[in-house]
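Student: Dumping the structure here so I can ask a few things about it.
There are 2 protein chains.
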Amino acid sequence: MPTLWNGASQSQFRLESMSTSLHHRAIENLGTRIITGELPTGHIMLAEHLEEELQVSRSVVREAVRVLQSLGLVETTKRVGIRVLPPSRWNPFDSQVIRWRLSSDARGAQLRSLIELRSAVEPAAAELAANNAPAQLRRELVDIAHALRDAGHSGDAQKFLELDIAFHSVLLSGSGNEMFANLMGQVAETLTGRTVHGLMPDHPHEGALQWHVDLAEAVAAGDAATARAASEQIMRRTTSRLSGTWTDQPRVFLPVRRS
Amino acid sequence: MPTLWNGASQSQFRLESMSTSLHHRAIENLGTRIITGELPTGHIMLAEHLEEELQVSRSVVREAVRVLQSLGLVETTKRVGIRVLPPSRWNPFDSQVIRWRLSSDARGAQLRSLIELRSAVEPAAAELAANNAPAQLRRELVDIAHALRDAGHSGDAQKFLELDIAFHSVLLSGSGNEMFANLMGQVAETLTGRTVHGLMPDHPHEGALQWHVDLAEAVAAGDAATARAASEQIMRRTTSRLSGTWTDQPRVFLPVRRS
DNA sequence: GAGTTTTGATGTCTGCACACATCGGTGTCA
DNA sequence: TGACACCGATGTGTGCAGACATCAAAACTC
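If you read the sequences in order, they're chains Z and B.
Residue numbering for the first sequence follows this note's numbering, beginning at 3 and increasing consecutively.
Residue numbering for the second sequence follows this note's numbering, beginning at 3 and increasing consecutively.
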């Protein structure tokens, strides 16, 4: 009886929590289940079946499926149904997909991918920022670096996290490359995830704090080479500190898709 | 009179070509117009208005708007309508967004972003591939590099393009990082765009051909440092060859979004 | 100016017609 | 008799139309 959504009821409670639109919850539900593997590759669903399973109407299901389709999670075929696509078809840069993967078994693999991407991008961003960033962003970066060092010394974990995110955000924005700047959100996820999961030491590494200051001052001075070097130092340390979380994750070598 | 879509008719012909679904064409239409700026930031549309403008039904409009919403191009607000979001909210990694930008005035800026991203990522991918790629991919890479050199010498532009795409695809796949591997599609866009727009010389640079071979053989030998160095050479040259196309494009320094 | 009502847009539900890929039966030919 | 091509039935996504629910902006009242 697909009636109104009336708070706490229904034993087959599939659309968790409230305060978001129905189609959004449907996306969340299906996306999560696909990425955790509960709905495996090749699994076929029928729109009609989803209606009663999720207790929503056709329009909600259809809009949700459209979005999942644009994320590469499913494809629709007439006379067949809605087919779950293999992970190689998922859009690994979509922030929803990243979020879902971070809260699945593939968390380690997703973290590794993100760290590798950051390790490649941040030094380049540092270089670009040193060459191109507007004066105000350079000043801001220096201020944040100093505040970050202070917070590290005083052991204020919450403030340290905020400043850490701000630092890398400003750096990436300062590159003047909108793709780099957009990684900010993902970086924030990894950083917050790190503290939440207790991977941060009580007092951050003294060298790392100094490298942040060095990086900021190199950017301010327009010294691209030094900025890159400092960024590489930071990323090397970050990588080595986190690499323990994905030692058991096998690498996946995607097939070369020729369309 | 929103009746069936009957081929060539309608003077206000907005949904171009056929053979794709209506909602897909609606996405294409709106996405293009938003990114070219024909529908500027803050512009407000009404679903009802879109229905008659595109000559499609409510459900088609709604599904298209949902997808555009997930791409960060629009937001919907009750009592207001469908609002076009500023470029800083667009998902710059989505392949549709990239494609739309490549065929807009911002083409130069998009190319620069992609090249900068490639320049950061490919050397890292080369390093990872040298350390982790399975034997078969290494062999394949060497074969392609040699074929690429031959094609370069013989001046077969079409074959050269195919092999060039294949080379970078295999390299990125060989990194074992699904985000790197996924850049493949975007790389293909830039490479094809380059030949189509007549930016390729008749005979590719001899040094570049050799660097591809060096890179492949370093990966095959597991020599990460050499592989990275060769990749950096290639990207430096690619950058310098293409930088002319975006000299006039201003860099955009996105605001740091703190949610 | 604070609280209340009205209004107008999206959100959701439903029934229907159509397009079309798949499957199975039928007919043809060797 | 068996293999193969054809063709229509079937079932599913796609698209359409209209209704009601919801909720936030805007207008209104006090």
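Positions of the beta carbon are idealized from the N, C-alpha and C atoms, including for glycine.
1) Please check if any C-beta of chain B sits within less than 7 Å of the C-beta of Z:M47.
2) Considering only residues of the same chain and omitting the five flanking positions on each side of Z:E65, which have a CB-CB separation below 6 Å?
3) So the candidates are B:V76, B:K80, B:G176, B:Q57; which of them puts its Cα closest to the Cα of B:I36?
4) Could you tell me which of B:R81, B:L73, B:A226, B:P88 sits nearest to B:G44, measuring between CA atoms?
5) Can you tell me which residues form a DSSP beta bridge with B:T78?
6) State yes or no: is the C-beta of Z:P94 within less than 7 Å of the C-beta of B:M181?
7) At a cut-off of 6 Å, is Z:R151 close to the ligand GTP when judged by its beta-carbon and the heavy atoms of the ligand?
8) Between which two residues does the alpha helix (DSSP H) holding Z:V172 run?
9) From which residue to which residue does the alpha helix (DSSP H) around B:H207 run?
10) Note down, in chain order, every chain B residue with its Cβ under 7 Å from the Cβ of Z:N179.
11) Enumerate, from N- to C-terminal direction, the unbroken beta strand (DSSP E) stretches of 3 or more residues contained entirely within the segment 93-170 of chain Z.
12) Among B:V63, B:S121, B:H205, B:I146, which one has its Cα closest to the Cα of B:H51?
13) Who are the Cβ neighbours of B:P252 in its own chain at under 6 Å, not counting the five residues just before and after it?
14) If we ignore side chains and look at the alpha-carbon of each, how far apart do Z:T192 and B:E55 end up?
15) Compare the C-beta of Z:N133 against all C-beta atoms of chain B and say whether one is closer than 7 Å.
16) Using the Cα positions of B:G176 and B:A135, report the straight-line distance between them to the nearest angstrom.
17) Can you tell me the Cβ-Cβ gap for B:Q188 and B:I100, rounded? I've got them flagged as a contact below 8 Å.
18) Determine the closest residue to B:I84 out of B:D96, B:L41, B:L104, with distance taken between C-alpha atoms.
19) If you measure from the beta carbon of B:L244 to each beta carbon in chain Z, is any gap under 7 Å?
20) Quick one: which residues of the segment 69-83 of chain B get their C-beta closer than 7 Å to a C-beta of chain Z? List them in chain order.
21) Assign B:G209 to buried or exposed, taking buried as 16 or more other Cβ atoms, counted over all protein chains shown, within 10 Å of its Cβ.
22) Does any CB atom of chain Z fall closer than 7 Å to the CB of B:P42?
23) Distance cutoff 7 Å, beta carbons only. Does B:L256 sit that close to anything in chain Z?
24) Please work out which residues of its chain come closer than 6 Å, Cβ to Cβ, to Z:L104, disregarding the five sequence neighbours upstream and downstream, and give them in chain order.
25) Grab me the residues of Z:N133's own chain with a C-beta within less than 6 Å of its C-beta, minus the 5 sequence neighbours each way, in chain order.
26) B:P257 to B:I146, Cα distance in whole Å?
27) Assuming B:A128 and B:V221 make a contact with CB atoms under 8 Å, what is their CB distance in whole Å?
28) Counting only C-beta atoms, is Z:T247 closer than 7 Å to chain B at any point?
29) By DSSP, does Z:R27 sit in helix, in strand, or in coil?
30) Of the residues that make up the segment 53-66 of chain Z, which ones have a beta carbon closer than 7 Å to any beta carbon in chain B?
31) Please classify B:D263 as buried or exposed, where buried requires at least 16 neighbouring CB atoms within 10 angstroms.
32) The alpha helix (DSSP H) spanning Z:T228 covers which residue range?
33) Closest to Z:I167 by CA distance: which of Z:H214, Z:I46, Z:N179 is it?
34) Taking only beta carbons into account, state which residues of the segment 202-219 of chain B come closer than 7 Å to chain Z, listed in chain order.
35) Would you say Z:F162 lies against chain B (beta-carbon separation less than 7 Å)?
Tutor: Result, derived from the coordinates:
1) For the purposes of this step, residue 47 of chain Z is taken as the residue at position 45 of the first sequence. Closer than 7 Å to the CB of Z:M47 there is not a single CB belonging to chain B.
2) Residue 65 of chain Z sits at position 63 when you count from the first residue of the first sequence. Cβ within range, chain order: H25.
3) In the second sequence, residue 36 of chain B corresponds to position 34, counting from 1. B:V76 is the residue among B:V76, B:K80, B:G176, B:Q57 whose C-alpha sits nearest the C-alpha of B:I36.
4) Here residue 44 of chain B refers to the residue found at position 42 when the second sequence is read from its first residue. Per the Cα distances, B:P88.
5) If you number the second sequence from 1, residue 78 of chain B lands on position 76. B:T78 is bridged to B:I84.
6) Working through the first sequence from its first residue, we reach residue 94 of chain Z at position 92. Working through the second sequence from its first residue, we reach residue 181 of chain B at position 179. Yes, these two residues count as a Cβ contact at 7 Å.
7) What this structure holds is no ligand at all, so the ligand GTP is not there to describe.
8) For the purposes of this step, residue 172 of chain Z is taken as residue 170 along the first sequence, with counting starting at 1. Run containing Z:V172: 159-176, per the alpha helix (DSSP H) assignment.
9) Here residue 207 of chain B refers to the residue found at position 205 of the second sequence. Taken as a continuous stretch (DSSP letters only), B:H207 belongs to no alpha helix (DSSP H), as it is neither H nor E.
10) On the first sequence, residue 179 of chain Z is found 177 positions in, with the first residue counted as 1. S115, E118, listed in chain order.
11) As summarised for the segment 93-170 of chain Z, there are no continuous beta strand (DSSP E) elements at least 3 residues long confined to that stretch.
12) As a working mapping, residue 51 of chain B is identified with position 49 in the second sequence. Checked all of B:V63, B:S121, B:H205, B:I146; the closest Cα to B:H51 is B:V63.
13) In the second sequence, the residue the question calls residue 252 of chain B occupies position 250. Once the five neighbours on either side are set aside, B:P252 has no close Cβ partner at all.
14) Reading the first sequence from its first residue, position 190 is the one you call residue 192 of chain Z. Reading the second sequence from its first residue, position 53 is the one you call residue 55 of chain B. Rounded to the nearest angstrom, the two C-alpha atoms are 43 Å apart.
15) In the first sequence, counting from the first residue as 1, residue 133 of chain Z sits at position 131. Answer no: the Cβ-Cβ gap between Z:N133 and chain B never drops below 7 Å.
16) The residue labelled residue 176 of chain B in the question sits at position 174 within the second sequence. The residue labelled residue 135 of chain B in the question sits at position 133 within the second sequence. Counting only the Cα atoms, B:A135 lies some 5 Å from B:G176.
17) In the second sequence, the residue the question calls residue 188 of chain B occupies position 186. In the second sequence, the residue the question calls residue 100 of chain B occupies position 98. Between B:I100 and B:Q188 the Cβ distance is about 6 Å, and since that is below 8 Å, they are a contact.
18) Counting from one through the second sequence, the residue named residue 84 of chain B turns up at place 82. Minimum Cα-Cα distance from B:I84 among the listed residues B:D96, B:L41, B:L104 corresponds to B:L41.
19) One-based indexing of the second sequence puts residue 244 of chain B at position 242. Chain Z contact via Cβ: absent.
20) Cβ proximity to chain Z below 7 Å picks out V69, S72 from the segment 69-83 of chain B.
21) Numbered from 1 along the second sequence, position 207 holds the residue referred to as residue 209 of chain B. The residue in question, B:G209, is exposed, as its Cβ has fewer than 16 Cβ neighbours within 10 Å.
22) For the purposes of this step, residue 42 of chain B is identified with residue 40 of the second sequence, where counting begins at 1. B:P42 does not count as touching chain Z.
23) For this step, residue 256 of chain B is matched to residue 254 along the second sequence. The beta-carbon of B:L256 is placed less than 7 Å from the nearest beta-carbon of chain Z.
24) Here residue 104 of chain Z refers to the residue found at position 102 when the first sequence is read from its first residue. Sequence-distant partners of Z:L104 (beyond 5 residues in either direction) whose C-beta falls short of 6 Å from its own C-beta, in its chain, are Q112.
25) By 1-based counting over the first sequence, the position of residue 133 of chain Z is 131. Excluding the 5 residues flanking it on each side, Z:N133 has same chain C-beta neighbours closer than 6 Å at A226, in chain order.
26) Taking the second sequence and counting its residues from 1, one reaches residue 257 of chain B at position 255. Taking the second sequence and counting its residues from 1, one reaches residue 146 of chain B at position 144. Counting only the Cα atoms, B:I146 lies some 43 Å from B:P257.
27) As a first step, residue 128 of chain B must be located in the second sequence, where it is residue number 126. As a first step, residue 221 of chain B must be located in the second sequence, where it is residue number 219. Rounded, the Cβ-Cβ distance is 6 Å, consistent with contact.
28) Locating residue 247 of chain Z in the first sequence gives position 245, where the first residue counts as 1. Chain B contact via Cβ: absent.
29) Counted from its first residue, the first sequence places residue 27 of chain Z at position 25. In the structure shown, Z:R27 adopts helical secondary structure according to DSSP, grouped into three states.
30) Taking a C-beta cut-off of 7 Å against chain B, the contacting residues of the segment 53-66 of chain Z are S61, R64, E65, listed in chain order.
31) The question about residue 263 of chain B has no answer here: the residues shown for chain B are numbered 3 through 261.
32) Residue 228 of chain Z sits at position 226 when you count from the first residue of the first sequence. Counting along the chain, the alpha helix (DSSP H) containing Z:T228 begins and ends at 226-244.
33) Start at 1 with the first residue of the first sequence, and residue 167 of chain Z comes out as number 165. Closest by alpha carbon: Z:H214.
34) Closer than 7 Å at the C-beta level to chain Z, one finds no residue of the segment 202-219 of chain B.
35) Taking the first residue of the first sequence as 1, we reach residue 162 of chain Z at position 160. Under the 7 Å criterion on CB atoms, Z:F162 is classed as non-interfacial with respect to chain B.
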